[in-house]
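Note sheet for the following structure.
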Amino acid sequence: MIATTSHVRKWAQALAQAIGDQSRKRNMESVELYGIPRGGIPAAYAVAERLRAECPRLTPWVLSAAADLPTPRPPTADACLVAVIDDIVVTGETMQRAIEKFKPDFVGMLVNKPGGTLRFTGKYAWAYGHIAERDDWV
């Protein structure tokens, strides 16, 4: 599958809606979107763009979140929804490291390829924009 700009917008919209729902449930006014380098950073910007349209009351902040950053959770985390975003999750190893390090409220990926090691638990909300077959090239 060749992902076009319209695909990315549609997938980012799905994540923005899910994040908006979570922020309303928790009565949050801002969200910190941590994009996992490299592809997660532009993905986080795409989600932020859709969030501004979807939830004008929310203030999205996009930050880079290398899975090995020293800060386990941002100092403003109690005041806003913390989301870790990636473009595509294949094995889930990078996302799992980010989850363990940042303890996010929300985990999002534009594309999820099932069959990896990532296991979703009830500790955080999660969503994806598109699910691909294991052997699909995206």
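Numbering (my numbering), first residue to last: 670 to 807.
For every residue, glycine included, the Cβ atom is placed at its ideal position computed from N, Cα and C.
The criterion of a C-beta distance shorter than 8 angstroms is satisfied by Ala715 and Val677. Partner residues in the beta bridge of Asn781, as assigned by DSSP, are Val758, Ile800.
For Gly709, the enclosing alpha helix (DSSP H) starts and ends at 709-723. For Leu684, the enclosing alpha helix (DSSP H) has its first and last residue at 674-695. For Val731, the CB contacts under 7 angstroms within the same chain, skipping 5 residues up- and downstream, are Leu702, Gly704, Ala713, Tyr714, Ala717 in chain order.
When the Cα atoms are used, Gln682 and Thr760 turn out to be separated by approximately 24 angstroms. Note on Arg693: under 16 other CB atoms within 10 angstroms of its CB, so exposed under the neighbour-count rule. One Cα belongs to Pro729, the other to Arg721, and the distance between them is close to 7 angstroms. Distance from the CA of Tyr793 to the CA of Met778, rounded to the nearest whole angstrom, comes to 14 angstroms. Counting other Cβ atoms within 10 Å of its Cβ, Ile800 stays below 16 and is therefore classed as exposed. By the neighbour-count definition (other C-beta atoms within 10 Å, threshold 16), Glu723 is a buried residue.
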